[in-house]
Structure formats: structure tokens, C-alpha cells
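Residue numbers (the numbering used here), protein chains in the order written: chain C, 1 to 217; chain X, 1 to 225; chain G, 1 to 279; chain W, 1 to 259. No residue lacks a Cβ here, since even glycine has one placed at the ideal position from N, Cα and C.
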Amino acid sequence: MSDRVYKIQLPIFLTALLGILMVLEHFFPMPDVVTNFNITTRSFVTIVSAAALMLGIIFLTIAHVRTISQKKSEWYYSIFFIVSLLITIGLGLIGIRNESFLWIYNNMTAPIGAALYSLTAFYITSAAYRVFRARNWSAAVLLVCGFIVLMMLIPIGAIIFPPVVPIGEWIRSFPSSAGFRGMIMGTSLGIMGLGVRVFTGRQKEHLGIREERAGGE
Amino acid sequence: MDAEILGLIAGSLVSLGAYSVLIGDNPISRITENIYMGILGGYIFAVNWDFIRKNALSKVAEGEFVYIIAILLSLMLLGRLKAKYMWISRYPVVLTVGVGLGLAMRTTVMADFLGQIQATVLPLNSFNNIVMVIGTCLTAAYFIFTTQESGVYKYIHTGGRVFLLCAFGVTYGQTVSFRMELVIGRLVAMLDPRVSMITYAFLVIIVVILIYGYKTNKIEWYTGR
Amino acid sequence: MSIMDRLLNLDPRIIFVLMFIALAFPILNPVILPMAIQDYSQKAFDFSDSIPEGSIVLFEGGLNAATYPQGGPGMVVQIYHMLTKGVKIVLFSIGTEQNVWTMTAIETALDKLPAGTPAENGVNWVHLGYIAGGEAGVGSLVNDIRATVSADYFGTPIDDIPLLEGINDATAFSAVLWWGGSEASIGYGVRQVSVPFDIPMTGMCTTNEVPNFSPYISAGQLQGLFGGVRGSAEYEFLLSLPGPALGQAMATNFGGLLWMLLVILGNVLYFIQRMRGEA
Amino acid sequence: MSILITGRILGLSILIIIVAGILYYMQRSYSGKMPKLRRFQAVDSIEEIIGRCVEMGAPAWYLMDTVDMTTPSVLAPTVAAFQILSYTARMAARLGAKFFVPVVQGLAYSIANDIVEEAYKAEGKPEDFDPFGTVMYLPDGADRMYIINNMWSQKVAGVFFLGSWYHKAVIFTENAARVGALTLGATDTTHNIPFLVAICDYSLIGEELYALGAYVSEDPTQTASLAGQDIGKYVALILILLGSILATVGFDVSGIFAW
Chain C
1 MSDRVYKIQL PIFLTALLGI LMVLEHFFPM PDVVTNFNIT TRSFVTIVSA AALMLGIIFL
61 TIAHVRTISQ KKSEWYYSIF FIVSLLITIG LGLIGIRNES FLWIYNNMTA PIGAALYSLT
121 AFYITSAAYR VFRARNWSAA VLLVCGFIVL MMLIPIGAII FPPVVPIGEW IRSFPSSAGF
181 RGMIMGTSLG IMGLGVRVFT GRQKEHLGIR EERAGGE
Chain X
1 MDAEILGLIA GSLVSLGAYS VLIGDNPISR ITENIYMGIL GGYIFAVNWD FIRKNALSKV
61 AEGEFVYIIA ILLSLMLLGR LKAKYMWISR YPVVLTVGVG LGLAMRTTVM ADFLGQIQAT
121 VLPLNSFNNI VMVIGTCLTA AYFIFTTQES GVYKYIHTGG RVFLLCAFGV TYGQTVSFRM
181 ELVIGRLVAM LDPRVSMITY AFLVIIVVIL IYGYKTNKIE WYTGR
Chain G
1 MSIMDRLLNL DPRIIFVLMF IALAFPILNP VILPMAIQDY SQKAFDFSDS IPEGSIVLFE
61 GGLNAATYPQ GGPGMVVQIY HMLTKGVKIV LFSIGTEQNV WTMTAIETAL DKLPAGTPAE
121 NGVNWVHLGY IAGGEAGVGS LVNDIRATVS ADYFGTPIDD IPLLEGINDA TAFSAVLWWG
181 GSEASIGYGV RQVSVPFDIP MTGMCTTNEV PNFSPYISAG QLQGLFGGVR GSAEYEFLLS
241 LPGPALGQAM ATNFGGLLWM LLVILGNVLY FIQRMRGEA
Chain W
1 MSILITGRIL GLSILIIIVA GILYYMQRSY SGKMPKLRRF QAVDSIEEII GRCVEMGAPA
61 WYLMDTVDMT TPSVLAPTVA AFQILSYTAR MAARLGAKFF VPVVQGLAYS IANDIVEEAY
121 KAEGKPEDFD PFGTVMYLPD GADRMYIINN MWSQKVAGVF FLGSWYHKAV IFTENAARVG
181 ALTLGATDTT HNIPFLVAIC DYSLIGEELY ALGAYVSEDP TQTASLAGQD IGKYVALILI
241 LLGSILATVG FDVSGIFAW
């Protein structure tokens, strides 16, 4: 099939070309043309990404409009979405330095965002109650290390049990760093392996192509 | 009422709405969810439109025609609306993945792989250094795929797991205290003397709605796993 | 379902409510429990306390809306501490939002000062405002102030500021105080000011960033470091100037204690159940 | 102008060794010589989770958290997650589970949509794919409330947490566990992996996330590449042990790293 070339082979080839160019740029002094080319392509990526976000919001809006028009269950909530979306877009198109637009951001988006971020404190506690039980040795290791470090970090911990500070510091500086070091090195190898698989065209799911073996289609 | 107080009130109301998600599925969290999604969607839409206008459209207007490519690539995203042209939308992806993976590979080998090795090369003259070197080696060996879990390797595997779990436990404990500081930061704003009455009033409204919901069985109670 | 099972499968909403109470109660009624001062905070405080009267310090304010609740109280105390000691302060920020928060901290500190403390704008302190360019901007500021900024936060030309008379680079400063928040910018201060000009430096960052900067402390490049709200609280405690951070640190105390109690409870119940052979 | 940039020569040599190792094993696999690999429990767990969703008639969710394709450190786990998404979506289409993939970034959304649509087509069930509902874009941040609320109201039975996870990890995993869903979690971010490991029923750590993609691809060449990655681990072990022993006997090794 001839359209296989530009549908599958060319994208893979270009991925490899761009990627290898990026790697080489780091290790070998490159003519300015290459560096400039890289800078320009990177700015393209941000533009395409911005366009994709706008597309996503349009699709999301269509989904909500559909929910309302088909009167699906709980359709009335979608009205809240549409109204607040239209108000914000309207203000934003007047200008993103517009005061009302910034007011909405500072006084509505930012607090909800902060509140949602802080939800982690609650779930972290309820999860700890459920999973931090010494069911087996691995849960026990997790439990003991977590407990000691938290105790070290809260101001009253050192008053209740003073040795907790040196013990906690030691765990944090040595066994824990050692554990993460091994994991980080592994991850780094994983990324290199992924790079090779993608650049050789073996892994291409991200292009929306499901594997067809050598000889394929 | 000035804009600052109004802002504090609005912030307090939406924060309570956001916290109501802790109760489980309920009308207040649903409404907050949709309002937040709308605001954020609108914000992202406007900001990105502004970004494209500044960084692509106006550059083309100024004569930097290279950026037409970026605009074309963006339009290609629409290609996937028709299955026949789906392949077109692969090209922007190629750009991102190629550049991104290249960057990731080159930084990871220096910072993550060599950097960690360099930090671990320590003279074995103290207990702490020995723990560090052995721990790092055991966890690195934990990830070796070509060995089966038997014989000596079983012990190596277990040893690596101990160090990993220790690291996870430490991070868990450390995160707890940092995340609590975030709640406190929010509570300080919500309980600001100037707006605390409104916060309490809104809290009462939430409680009333919830009691009504539970009484009429419109909201369910949690039943364990 | 036995009471044991009920407790082991506690409705998370009960935990959430307990957590809210534990965190909100200390904010509304600050109960000051005894606290152990962390080594880094004690070092930072001792250093600040040793800055001689009449000297000039360089001060970066890097807190934003998210980090001001944690670091702001401490920054206010630091400014208060310096002014009451008769030390002059040159402030700046490397972010536009941070710039405004730095001014908030100055105003709060000025309100707190005991009557009669000299704290005149331009004489005892000056806020140079926003310095663009990140690390490079800092480097340029400390090498040639007049080439980097022409006027302070209020628009007063640099040459009309008595404090900056005859000062154009970092050699005039006897200390650097870097309240970096979550900017991760403490390294800028170390690399651009502290090391090249050999000026001692302390700073503040959020709790989660403390481990990133501890190498600087062990290497002696930082004299000390205040970490997050606890660092701010410790500063308030050490200077006997109770403020919002102490209440907040006590709230982490209560929250942390609740977390630990719940974990202990869960384990005790689990073991009882297992001994009975139910699990 | 020198040919190589000093300070990066050692990095380049290591990269060449590892890449060559991977390519060597990939090459060998063409002639049918397969390295013997350890099998993860997680590979079978994907089928188990989807199967359970079908049994209970409840939806299966595939969450990837941060998918900012412009940040290299996030891109890599995201690409790995896409590969597993392709496999999982096919499994869901084949077994007939209701599948849902919320994505928080534009480009990633577009890709995920393609992947899932292709998967449904490949299984001959394009009518089960809803262009507006199966893969959905949610503004980053707002997805938190949406996901929590819908986990409860739809009673999800299986959730996958794969990709680059940040603070949402603990929020979503805890809710999923409370709802009673069977969960599989994997990430390479050091700050949030503890929650995935502690809370999820099945979990994978760091590199295993990348390996899982190769395992499920059913492509012998990709699976073989994992053996090549092991070369890197041996290199690391040798360097650390040798370096430490040399440092113990008083040999200054710091110069080597400045190459």
C-alpha cells in the first residue's frame, strides 16, 4: 500500500529524526541552525498543544449540550457548567488582563483549586487508617517509617519522644534515599528503553496505530 | 462592600463547596464541580486563545511565515473528526513525542542515571555509607527483569523491596504534614474574622441540605468495602 | 456487624470531621503546646540575631498567594527583628506577584513595631520591587544596582534614596536573607550573592523543599533555614512575638497527633481481632 | 570547537552502551532467541479488573493524571501509559466493559481518543465507542471533583492509575478503594508512588510501568528490549561497587564523572 508511507512510516521516521537530533544536540556542539530549529519546533509544540486544549473544551461543551438537550439524568447540573463557561469566556475574550476576569480567577478558581489540593490531607488520613495496619512485613515497614517521619516533623513529636528526631533524620537520609536512588536509576533506564522502542518504530500506540507485526498490515 | 471582602466571601463559599465532596456524591459538590469546570474551561479557553493569537497569528501577520506551519498543524488536529483523515493528526503528535522523548533521554542519562551513580559512589568507611551503597544496589537489582524469583535472587528481591518500602513510608509521612499545612492555609482564609460569619452560615445551609438528603434517602450512607 | 468491625471499617466521613476539628480548633483558639526548635531554625535565628546594629542586609521576598500563609508570618517577624535591632534592609523580589506580597509583609511588620522604632522608608528600609530575569537578574542586581533598577517599588529614583547612597553592589551588605517560598530560588542567592561576595546567608522555603537545600547547610553556604509554617512559628516563638504561624503550627500538631492516634487505633484493633482469630 | 562537549562524554558512552544493549536483544529476537523474563502479576491483573467490571456491569476507568506532553519528564510515562491504554481499551471492547478515559491535556486527549477509537474498531465494535463520552477532556484541576463525584455515582468497579501521578494520586486511589473498585497503579514520580503502592490492589514501581507496556504489546521484539535495559542495571551496579571500593582504598574517583 503506498499510503502506508505517509500514514505510518513517515511519522515514525520523523519521530526518530527529531528525537535523535535532540539527543545529539546535547552531546555534540551543533551548528546554530540545529539549535534554532529545535527552539522553533518546541514553540510549535506549545502552539499545537494550546489548540488541542481549545478543541477539548469545545468537545466537552458539546457533551454537556447533548446532556441537556437529551434530558439525561442530572442534566440540570450541566446548565451550571454552560453558564459559568460562557461568562468566563466572554470576559476572557474582552481581555485576559480584564479586572473581572482576574477577579474570577483569584477569588473563585484559586480557592477551589487550593481547597481541592488540600483534600489530599483528608484522604491521606483516611487511607492511612485503612492501609497502615501491620498485616504483613511489607505493610509494617511502610507503617513504621511513615509514623516515625511524621512524628519527627510535627512540633510536638520531639517533646513526646526526643530520639525520634535523629532516628527519623537517619531513615530519611540513608535507607530512604538509597531506595529512591535505585528507583530513579531504573526509571531512567525505562525511559531509554522506551526511547529506543519508539524511535525504532516498534512502539507506536501513541500515534493511534495498533501493533501490526513485521510484514504487517 | 469592597472587592476584597467580596472575594473572601466568594472564596469561602466555593471552598466549602469543594470540601463538600468529602461527603460523597451530593448536590452541593455537583454544583460546585460544574461551576468550577465551567470557569476553568473558560479560563483555559481564553488564555490559550490569547496565547495562539500572540505567538502564532500575530507572528504570521508580522511576516514570520514559519508559524503558518504551527497553525496548519493545529488545524490538522481537527483532521480526526473524519476517520479517513485521521492520519493527518499524527503529525503534531510526532513533533511532540519526538522532541520530548529526545529531551527526556538526554537529560535522564545525565541527571538520573549518572547523577545517582555519582552520588552513591562513597568510601565504605562508615555504617551510613555502607547502608547507602548496599541499599542503592539492592533496589537497582530489584528491577532486573531477566532473573526469576528463586535462589539468591529471592533475597536480593526482598532486600530491594525493603528499601523501596522504607522510602515510600518516609515520603508518606512527610507528605502528610505538608498537606495539612495546605488545609490550614485555606482555613485561615475562610475563618478570617471579616467573613467567618458567612462561612458558618453557609456551613449551616450545607448541613440542612444534607440532613434533608439523608432523611429522604436521596443521599446514601457509606457502607464499607 | 460487631462494634469491632464497625470501628475497623470506620466511615471515612467521621475521620474527615475529626480532621477538620483538629485543624480548625487551634486556629480559632491558639493553644501553645511546647515545641522543640529544629536545628536549622535555631541556627538561622542565631545568625539573624548576631547581625550587628547599623549594618545593611539584602532581603529577597519570594512568597506568593499559596506560600504566604506559611512563610509570611516568619517574613514579617524577620523584618521586625531586623528593624528593632537597628539593621537596615534592602528588599527585592524576583516575581511580580511576590513583589506585592513582599510589600504586604513590610506593612504588617511596620504595624507591629513598638512605638519609636526608626523605620522610615528610604532610610531604614527600601523595597527595590520586581527584578526580572530570574537568576541572571539577581546576578546583575548584586553587581550593579543602578544599572539593574532605576527606581524603587514606589517609583522613587534610586539616587534619591538615602539608604542606597554610595552603595552600588553587594559588597555593602553584611548578610543575605532569602525568603524563597516555593520558588526554589535559594540556589540563586547562594550562587550569585553568597559565594562570590562571601556574604553569609540564611533563608526560608516550604517544608517539602527543605531536603533540597540541606546540602547547602552542611556545606556551610547557608547558615540556617526556616522550613514552612513550622519555621515561621519557631521564629515567632524564639523572638517571643506570637503571631498567626504559631497557631498554624499548633494546628499541624493536632492534625499530626490525630493521624498518629488513628493509625495506632487501627493497628491495636487489628491485632485484637487477629488474636481472636477473626481476621 | 571540540568534537565533544566536556563533562558529557561519560554520559554519552553510557547512553551508547545501553542503547546498543537494547538494540542487540531486539535484533536477537528476530531470530527467535527470547530472553527469559520474570512475569509481573500486573499483566494478568488487567484482564481480571476488566473482567470484574463486566461481571458487575460497572464501568472501568483509565486515569493518567498529568499528561502534559510538552514536559519531557511527564511525556515518557505518558507514552508508556498510552501503550497500556491501547491494550486495555481492546480488552474492554472485547469483553464489553463500559470504558471511560478522562484526560486533562489537549494533545494527550486527542491521542487517547485515537487510541481508544482504533481499539474499538479493531475489535469490530465501533458502535460502542462514544466520541463525546468514552474519552473526555476535563480541564486540569476540575477533573478532581468530577472524578470523585462520578466514582461514587457510577459505582466504578475497576480503575487503572497509570502515568505520571502527582497529588491527585491519593485523592483518586482512596476514593476508588472506598467505592470498592479493583485498582492497578503505576507511576515513576517519586513523591506520589507511595500512595499507589499502599492503596492499590496491584501496583508497579518506576521502571515496571515502562516494562508493562512492552509486556502487553505481545510483540516479542519489545519484550526482548527489556533484557537490554538490564544491561544498564548491571553497568550501574558495577560502577557503584567498583567506584566505592576504589574510594575506600583512597583512590579519587570524582574526576571520572567530570569527563
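Around residue 180 of chain G, no beta-carbon contact reaches into chain X at under 7 angstroms, the shortest distance being about 16 angstroms. Residue 126 of chain G: not part of any alpha helix (DSSP H); member of the beta strand (DSSP E) spanning 125-130, first to last residue. Judged by pairs of C-beta atoms under 8 angstroms, the stretch 174-185 of chain X touches the stretch 117-126 of chain C, as three or more such pairs exist. According to the DSSP assignment, residue 180 of chain G belongs to the beta strand (DSSP E) that extends over 175-181. Look at residue 61 of chain W here: in three-state DSSP terms it is strand. Taken through DSSP and simplified to helix, strand or coil, residue 60 of chain G comes out as strand. Here the C-alpha atom of residue 117 of chain X lies approximately 15 angstroms from the C-alpha atom of residue 9 of chain W.
Restricting attention to G:31, G:46 and G:29, the CA atom closest to the CA of residue 37 of chain G is found in G:46.
Between residue 63 of chain G and residue 98 of chain G the beta-carbon gap is near 6 angstroms, inside 8 angstroms, which marks them as a contact. Interface with chain C (8 angstroms Cβ-Cβ cutoff): residue 263 of chain G is included. Only 244 from the stretch 232-244 of chain G bring a Cβ to less than 9 angstroms from some Cβ of chain X. Proximity of chain W to residue 52 of chain C at the Cβ level (cut-off 7 angstroms) is accounted for by 106, 107, 109 and 110, in chain order. Taking a C-beta distance under 8 angstroms as the contact criterion, residue 78 of chain G and residue 48 of chain G qualify as a contact pair. Think of a sphere of 8 angstroms around the beta carbon of residue 122 of chain X: the chain W residues whose beta carbon falls inside it are 244 and 247, in chain order. Rounded to the nearest whole angstrom, the CA to CA distance from residue 200 of chain X to residue 28 of chain G is 13 angstroms.
In this structure residue 117 of chain G does not touch residue 91 of chain G by the C-beta definition: roughly 17 angstroms separates them, more than the 8 angstroms allowed.
A contact between stretches requires three or more CB pairs, one per stretch, nearer than 8 angstroms, and the stretch 136-143 of chain W fails this requirement with the stretch 84-101 of chain C. By the Cβ criterion, the stretch 95-114 of chain X is in contact with the stretch 69-87 of chain W, since at least three pairs of Cβ atoms, one from each stretch, lie closer than 8 angstroms. Counted as a single uninterrupted DSSP element, the alpha helix (DSSP H) harbouring residue 47 of chain G occupies residues 39-49. Interface residue (Cβ-Cβ distance to chain G less than 8 angstroms): residue 63 of chain X is not classified as such. Under the 10 Å beta carbon count, residue 264 of chain G is surrounded by fewer than 16 other beta carbons and is classified as exposed.
For residue 167 of chain W, same chain residues with a beta-carbon under 8 angstroms away, outside a window of 5 residues either side, are 192 in chain order. Nearest C-alpha to residue 236 of chain W among X:112, X:13, X:72 and X:25: X:112.
Close to chain W, meaning a Cβ-Cβ distance shorter than 9 angstroms, are the following residues of the stretch 142-154 of chain C: 142 and 146. Within a 10 Å sphere around the beta-carbon of residue 111 of chain G sit fewer than 16 other beta-carbons, which makes this residue exposed. Within chain W, the residues 188, 190, 193, 205, 206 and 207 have their CB atoms less than 9 angstroms from the CB of residue 183 of chain C, given in chain order.
Looking from the CA of residue 160 of chain X, the closest CA among X:181, X:187 and X:131 belongs to X:131. Using beta-carbon distances, residue 73 of chain W counts as an interface residue toward chain X, with a partner under 8 angstroms.
Around the Cβ of residue 207 of chain G, a 10 Å sphere holds 16 or more other Cβ atoms; the residue is buried.
It is roughly 57 angstroms from the alpha-carbon of residue 16 of chain C to the alpha-carbon of residue 2 of chain X. Between residue 74 of chain X and residue 51 of chain C, the C-beta spacing is below 8 angstroms. A contact between stretches requires three or more CB pairs, one per stretch, nearer than 8 angstroms, and the stretch 176-193 of chain X fails this requirement with the stretch 161-178 of chain C. Judged by DSSP secondary structure, residue 53 of chain W falls outside any beta strand (DSSP E) and instead within the alpha helix (DSSP H) spanning 41-56. Collapsing the DSSP output to three states places residue 145 of chain C in a helix. When C-beta atoms of the stretch 113-132 of chain G are compared with those of the stretch 149-166 of chain G, three or more pairs fall below 8 angstroms, so the two segments count as touching. Cβ-Cβ separation between residue 24 of chain W and residue 228 of chain W: approximately 6 angstroms, consistent with a contact (criterion under 8 angstroms).
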